[in-house]
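Only one structure is covered here, and it is reproduced in the block below.
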Amino acid sequence: MLTFFAAAPLEKQIVVVCSNLVLPNDLLEFLDAPVPYIVGIMNKTNEVQSKLTNATVVDANRNQSREVFSEVEM
């Protein structure tokens, strides 16, 4: 939970995975938005996982959090 509160003021993209929070599948493109957001999804499918390139993921069901960063070639 501390990760969630640390990421919010930094305007990070935050994804909360929980069986009670729902982002309709029709709106999964929202995860590609280049702006900060807080959104809830039911589970991490392969499609969702591929869209999470720079986000803080809070798994409320497992009480876990992690940051996801895309690899940038230099």
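When we follow my numbering, the leftmost residue of the sequence shown carries the number 1433, and every step to the right adds one.
Backbone N, C-alpha and C fix where the C-beta goes; we use that ideal spot for every residue, glycine too.
- Message: I need the straight-line Cα distance from residue 1486 to residue 1496, nearest angstrom please.
- Response: The alpha-carbon atoms of residue 1486 and residue 1496 are separated by roughly 17 angstroms.
For residue 1471, the residue or residues it bridges with in DSSP
Looking at the DSSP assignment, residue 1471 forms a beta bridge with 1447.
Please list the terminal residues of the continuous alpha helix (DSSP H) segment that includes residue 1499. Careful: residue 1499 lies outside any alpha helix (DSSP H), inside the beta strand (DSSP E) at 1496-1501.
In the DSSP assignment, find the unbroken beta strand (DSSP E) run with residue 1486 in it and report its ends. Per DSSP, residue 1486 is one residue of the beta strand (DSSP E) stretching across 1486-1491.
Can you find the residues in the same chain that come closer than 8 angstroms, C-beta to C-beta, to residue 1443, ignoring five residues on each side of it along the sequence?
Answer for residue 1443: 1468, listed in chain order.
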